[in-house]
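Novice: Per this note's numbering, the sequence shown runs over residues 79 to 463.
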Amino acid sequence: MDKIVYLDNAATTQVSKAALDAMLPFFNDRYGNPSSVYSVGRDAKKAIEEARETVAKAIGARPEEIYFTGSGTEANNWALKSAAQANMGKGKHLITTAIEHPAVFNTMKFLEKVGFELTVLDVDCNGQVSLDELSDSIREDTILISVMTANNEIGTILPIANIGKIAREKGILFHTDAVQAVGSIDVNVADMNVDMLVLSGHKLGAVKGVGALYIKKGVKLPAFIHGGGQERGLRSGTENVPAIAGLAAAIEYRISKLPLEAIEAKRNRLIEGLLKIPKSALTGDPINRLPGIASFVFEAIEGESMLLMLDHFGICGSSGSACSSGSLDPSHVLLAIGLPHEIAHGSLRLSLSEHTTDEEIDYVIEKLTDVVAKLRAMSPVWNEG
Ligand code: PLP
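And the structure:
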């Protein structure tokens, strides 16, 4: 296939030149183990500490509040499991939302299985949580609240600062999964009133397999991975120095150079074009949404078939439906925003990058309009009226 239009940047991104350039020296020239005492080791250690400073600065944190991990999923597991464990003497009640990524949702479900009590907050049709409902769900024994900064499927940005304020007033730990937000919108841990925040490298132009956990100074979490004592004894394992150096460079590039307004303009062009398709709808908050994510449902369409036909034209997107345990279940996020099963099946998420062009957007609008018409022509349930 000659033409590829990659509109799945919420799944993963191309490694930025800044990140790649920052990584390369650590594969051969500067290959020391950061724990070694000689100069080659100290050099690697220095690179990690510089990366820590850069990542900290990008989210308004202090370097000593940043811990590198092997992924966003790992960082979420660490934050939630360790916070629950550390505070179980105070209580066993946890709060989260119905639209979290599985990295949070399934971790919370695990904690419920081992004896914690979990409240899952519903969201409205835009994917927003109600602050009143959140306040009402807080109990004497609530020890942890986790609400994502922005949703990966529908792009909704949640009112994290307000939620953080409520949690802080009640003395409850507050965690946010900011994997889709960092590098796409302003993320400042102090303004957001968060105690723990997670980010992931491959969503912002670094490589897969590196992430970071912010832990606010004063919040004590037990070690997550035991071993040689790296990451100040909390996350052992020899550090992935190239990936960490790349993460810092990628974040710095994203925050200072990414043309977010231009990306948003292209996203709006895409939304405008695709909403001309009959019986189509935008999912997620129409205003408070990530600049790069456009997500839709198309009536009488099966998401997987749509993706396969788009793939034929070189267009890469993703559908909310996930194949789990042999059944094609619609996304839990789309069900949580109140869409019926049959509509949720026809979902499509297109996520843009700085490389996306207007020509690509117009190409996608043209091809997708045809694809939807073709699938509907074959559909026994499609009713034009
Ligand atoms: N949280 C959100 C919101 C995500 O979108 C993702 C990735 O899809 C993750 C967590 C997991 O991050 P990682 O792929 O680094 O494990």
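Cβ atoms here follow ideal geometry from the backbone N, Cα and C, with glycine treated the same way.
Drop a sphere of 10 angstroms on the beta-carbon of A88, count the other beta-carbons inside from all chains shown, and report buried for 16 or more, exposed for fewer.
Specialist: Buried, by the Cβ-count rule.
Novice: Indicate the three-state DSSP secondary structure (helix, strand or coil) for Y292 in the structure shown.
Specialist: DSSP places Y292 in strand when its eight states are reduced to three.
Novice: A301 bridges to which residues according to DSSP?
Specialist: None, per the DSSP bridge assignment.
Novice: Give the list of continuous alpha helix (DSSP H) stretches no shorter than 4 residues that lie fully inside the segment 171 to 229.
Specialist: Counting whole runs of 4 or more residues, the segment 171 to 229 contains the alpha helix (DSSP H) stretches 180 to 191 and 209 to 215.
Novice: With 16 other CB atoms within 10 Å as the buried threshold, where does E462 fall?
Specialist: Burial call: exposed.
Novice: Measuring from the CB of G233, is there a heavy atom of ligand 1 at a distance below 8 Å?
Specialist: Checking the Cβ of G233 against ligand 1 gives no.
Novice: What three-state label does DSSP hand Y109 in the structure shown?
Specialist: DSSP places Y109 in coil when its eight states are reduced to three.
Novice: When every heavy atom of ligand 1 is checked, does at least one fall within less than 8 Å of the C-beta of N154?
Specialist: Yes.
Novice: Between V285 and R108, what straight-line distance do the alpha-carbon atoms span, to the nearest angstrom?
Specialist: So the two alpha carbons sit approximately 18 Å from each other.
Novice: How about L212 and V225: do their beta carbons lie closer than 9 Å?
Specialist: Taking 9 Å as the Cβ cut-off, L212 and V225 qualify as a contacting pair.
Novice: Is the number of C-beta pairs between the segment 327 to 344 and the segment 353 to 363 that are closer than 8 Å three or more?
Specialist: With the cut-off at 8 Å, the segment 327 to 344 and the segment 353 to 363 do not touch.
Novice: Can you list, in chain order, the residues of its chain whose CB lies under 6 Å from that of N229, leaving out five sequence neighbours each side?
Specialist: Only I177 and G205 meet the Cβ criterion.
Novice: Work out the CA separation of F105 and P112 for me, nearest whole Å.
Specialist: Approximately 13 Å, taken between the alpha carbons.
Novice: Would DSSP call V411 helix, strand or coil?
Specialist: Note: V411 maps to helix in three-state DSSP.
Novice: Would you mind reading off the limits of the alpha helix (DSSP H) that contains V118?
Specialist: Its alpha helix (DSSP H) spans residues S117 to A136.
Novice: Starting from L325 and walking both ways along the alpha helix (DSSP H), at which residues does that stretch end?
Specialist: Note, L325: alpha helix (DSSP H), V319 to K335.
Novice: Candidates A245, D436 and A378: which alpha carbon is nearest V449's?
Specialist: That would be A378, whose Cα lies nearest to the Cα of V449.
Novice: Any chance the segment 273 to 283 sits against the segment 300 to 320, with 3 or more Cβ pairs inside 8 Å?
Specialist: No: the two stretches stay apart, fewer than three of their Cβ pairs being nearer than 8 Å.
Novice: Answer yes or no: do Y84 and L291 have a C-beta to C-beta separation smaller than 9 Å?
Specialist: Not closer than 9 Å, so no.
Novice: Pick helix, strand or coil for A359, following the three-state DSSP scheme.
Specialist: Note: A359 maps to strand in three-state DSSP.
Novice: Given a threshold of 16 other Cβ atoms within 10 Å of its Cβ, counted over all protein chains shown, does R345 qualify as buried or as exposed?
Specialist: It is buried - the Cβ of R345 has at least 16 other Cβ atoms within 10 Å.
Novice: Please report the straight-line C-alpha distance between L336 and A157, rounded to a whole angstrom.
Specialist: Those two C-alpha atoms are separated by around 29 Å.
Novice: How about the segment 88 to 104 and the segment 306 to 315: do they share at least three Cβ pairs that are nearer than 8 Å?
Specialist: Contact between the segment 88 to 104 and the segment 306 to 315 is absent, because fewer than three Cβ pairs lie under 8 Å.
Novice: Leaving out five residues on either side along the sequence, give the residues of the same chain with a beta carbon under 8 Å from the beta carbon of A164.
Specialist: So the list reads K298, L299 and P300, once near-sequence residues are dropped.
Novice: Label D114 either buried or exposed according to how many other C-beta atoms from any shown protein chain fall within 10 Å of its C-beta, with 16 as the threshold for buried.
Specialist: One point to set straight first is that residue 114 is Ser, not Asp, in the sequence displayed. With fewer than 16 other Cβ atoms within 10 Å, it is exposed.
Novice: What separation, rounded to the nearest whole angstrom, lies between the Cα atoms of H253 and M456?
Specialist: So the two alpha carbons sit approximately 46 Å from each other.
Novice: Using the rule of at least 16 other Cβ atoms within 10 Å of the residue's Cβ for burial, across every protein chain shown, is K124 buried or exposed?
Specialist: With fewer than 16 other Cβ atoms within 10 Å, it is exposed.
Novice: Go through its chain and collect everything with a Cβ distance to E127's Cβ below 8 Å, but skip five positions before and after it.
Specialist: Cβ within range, chain order: P141.
Novice: Does the distance between the C-beta of S224 and the nearest non-hydrogen atom of ligand 1 fall short of 8 Å?
Specialist: No, the beta carbon of S224 sits no closer than 8 Å to any heavy atom of ligand 1.
Novice: Among E438, G416, V375 and R454, which one has its Cα closest to the Cα of H423?
Specialist: Checked all of E438, G416, V375 and R454; the closest Cα to H423 is V375.
Novice: Closest by CA to E480, which one among V182, V118 and E195?
Specialist: Residue 480 lies beyond the range of the chain shown here (79 to 463); nothing can be said about it.
Novice: Which partner residues does V260 have in the DSSP bridge list?
Specialist: Note: V260 sits in a beta bridge opposite I263.
Novice: Distance, Cα to Cα, P408 vs T220?
Specialist: Spanning the two alpha carbons is a distance of roughly 31 Å.
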